[in-house]
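Participant: In terms of our numbering, the sequence shown is residues 52 to 343. Every residue, glycine too, gets a C-beta built ideally from N, C-alpha and C. Structure in C-alpha cells, see below.
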Amino acid sequence: MPSSIVDIHPHVISDDESAYPPAPLFGKRSDWSQERPSTVETLIAQMDAAGVDKAAVVHSSTTYGFDNSYVVDACNLYPGRLLAVGSVDVLAPDAVATIRDWVGKGLGGLRVFTGGSTKDFDPSELDDPRAYPAWEALGELGLTMSIQTGPVGLPAVTALAKRFPNVPIILDHLGRPDVTDGPPYAAARSLFELAAVPTIYLKLTPRIMGDSKKGAATPETLFPRLVEAFGAQRMAWGSNYPTSEGTLAEIKATAEDRFATLSAGDREWIFGKTALTLYPQLTADMGIARAV
52 MPSSIVDIHP HVISDDESAY PPAPLFGKRS DWSQERPSTV ETLIAQMDAA GVDKAAVVHS
112 STTYGFDNSY VVDACNLYPG RLLAVGSVDV LAPDAVATIR DWVGKGLGGL RVFTGGSTKD
172 FDPSELDDPR AYPAWEALGE LGLTMSIQTG PVGLPAVTAL AKRFPNVPII LDHLGRPDVT
232 DGPPYAAARS LFELAAVPTI YLKLTPRIMG DSKKGAATPE TLFPRLVEAF GAQRMAWGSN
292 YPTSEGTLAE IKATAEDRFA TLSAGDREWI FGKTALTLYP QLTADMGIAR AV
C-alpha cells in the first residue's frame, strides 16, 4: 500500500437544505446527490474505514451551482485533511474578485463543469477570452484547475494549457475516452495526444476503472499504456464517491485491483504523490494514523 492515500474527487452534500439550499447548475439537480447524499462527517467516516488519509473535495455543481459555501465550510472543519475545490462562473465580469473571495474563505482549487450527468458537454466556455482573467488569477494564486469535459472539449483544454502554462490542469475522468477498441487504443488518440502538454494531468476515477474491462480493453494493457504516455507523476486517483456507487473502501479496492500490474513506485504517485503536487496545501501533517 502506498505510504499516503489522497483522494482528489469525492463530493459532499449537506443534510441541511435551509442552510445550504440546492441551486443546481443548468437548473437540473443530479440524481446521485438526492439518492446518495454524503455529508462531510460521512465522508470522513468513509475515509477512515478505507484508509484514505486526505482528500481534495470537489464541489457538487449539480447540487449547488456556483455557491461553494458547503464544500468550503465542510473542509474548513478538517484543516490539513480536506481541501475544497470549488466552481465559479469564469465568464462573469467579476470572476477574479469572486475567485479571490472564495480563496480567502478557504477554497484551494477550482473546477470548470461543462456538462456531465445533467447536461451534454458544451466546451465553448473553456477557450472563451472572457475567461482569461480568471485563468491568469489562477496562475497568480498557484491554483490547479479541474476540467470536466468529454473528447469534444480536448482541443480547448490543450489551447488553455498552452496559453496558461503556469496553471496545472487535471482532466476529470480522463475526458471520457473510448478505450473499448483495446490496444493500442487508437480510438482514444485525442487523449494520448495530450501527453505532449506537460501541465495536463489525468484523474483516474471509477468510470475508467469500469471502461478498462469493456470491449477489448484490459487493465493490464490500458493503465501501463497511460503511464508510458503520461508518466505516473501526471496521474492521480479520485473516488467519485458518492456519485459512483459503493463504499469508499470498495471503490478504492477496485482501483487497487486495476493498477495491480503497475510498479509500486507508479502506484505511489497515482494514489498520493501526484495529488500532493497538485494540491500542496494537503502536504501538512501527513503523519495521520489510519483507522484500523
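Assuming residue 224 contacts residue 251 (C-beta within less than 8 Å), just tell me the rounded distance between them.
Facilitator: Position 173 of the sequence shown, counting from 1, holds the residue named residue 224. Position 200 of the sequence shown, counting from 1, holds the residue named residue 251. Contact doesn't hold; Cβ gap of about 14 Å is too wide.
Participant: Any idea if residue 128 is buried or exposed, counting beta-carbon neighbours within 10 angstroms, 16 or more meaning buried?
Facilitator: In the sequence shown, residue 128 corresponds to position 77, counting from 1. Exposed.
Participant: From the DSSP output, in three-state form, read off residue 253 for me.
Facilitator: Position 202 of the sequence shown, counting from 1, holds the residue named residue 253. Strand at residue 253.
Participant: Please state if the CB of residue 248 and the CB of residue 212 are separated by a distance shorter than 8 Å.
Facilitator: Within the sequence shown, the letter at position 161 stands for residue 212. Within the sequence shown, the letter at position 197 stands for residue 248. The answer is yes: Cβ separation under 8 Å.
Participant: What are the partner residues of residue 58, as DSSP defines its beta bridges?
Facilitator: Stepping through the sequence shown from its first residue, residue 58 is reached at position 7. Answer by DSSP bridge pairing, in chain order: 106.
Participant: I'd like the ranges of any beta strand (DSSP E) spanning at least 3 consecutive residues and lying wholly in the region 283-325.
Facilitator: Complete beta strand (DSSP E) runs here, min 3: 286-288.
Participant: So residue 254 and residue 60 are supposed to be a Cβ contact under 8 Å. How far apart are they, rounded?
Facilitator: Position 203 of the sequence shown, counted from the start, is the residue given in the question as residue 254. Position 9 of the sequence shown, counted from the start, is the residue given in the question as residue 60. Yes, they are in contact, since the Cβ atoms of residue 254 and residue 60 sit about 6 Å apart, within 8 Å.
Participant: Starting from residue 164, follow the beta strand (DSSP E) in both directions and report where the run begins and ends.
Facilitator: The residue given as residue 164 occupies position 113 in the sequence shown. Its beta strand (DSSP E) spans residues 158-164.
Participant: Which residue from 62, 139, 262, 201 puts its Cα closest to that of residue 117?
Facilitator: Within the sequence shown, numbered from 1, the residue matching residue 117 stands at position 66. For residue 117, the nearest C-alpha among the options comes from 139.
Participant: Identify the residues that DSSP records as bridge partners of residue 134: which are they?
Facilitator: In the sequence shown, the residue the question calls residue 134 occupies position 83. Beta-bridge pairing links residue 134 to 107.
Participant: Tell me whether residue 95 sits in a helix, a strand or coil according to DSSP, three-state version.
Facilitator: By one-based count along the sequence shown, residue 95 stands at place 44. Helix, per DSSP.
Participant: Throw me the rounded Cβ distance for the residue 115 and residue 74 pair, which I believe falls under 8 Å.
Facilitator: Working through the sequence shown from its first residue, we reach residue 115 at position 64. Working through the sequence shown from its first residue, we reach residue 74 at position 23. Indeed they touch by this definition, with Cβ atoms about 6 Å apart.
Participant: Going by CA-CA distance only, name the one from 143, 154, 142 that's closest to residue 13.
Facilitator: The displayed coordinates of the chain run from 52 to 343. Any statement about residue 13 would go beyond what the structure contains.
Participant: Are the CB atoms of residue 101 and residue 299 nearer to each other than 8 Å?
Facilitator: Counting from 1 along the sequence shown, the entry for residue 101 is found at position 50. Counting from 1 along the sequence shown, the entry for residue 299 is found at position 248. Cβ atoms of residue 101 and residue 299: closer than 8 Å.
Participant: Who are the near neighbours of residue 285 in its chain, counting only those whose CB is closer than 6 Å to its CB and skipping five residues on each side?
Facilitator: For the purposes of this step, residue 285 is taken as the residue at position 234 of the sequence shown. Excluding positions up to five away in sequence, the list reads 252.
Participant: Does residue 227 pass the burial test, meaning 16 or more other C-beta atoms within 10 Å, or should it be called exposed?
Facilitator: On the sequence shown, position 176 is the one that residue 227 refers to. Answer is buried; the Cβ neighbour count reaches 16.
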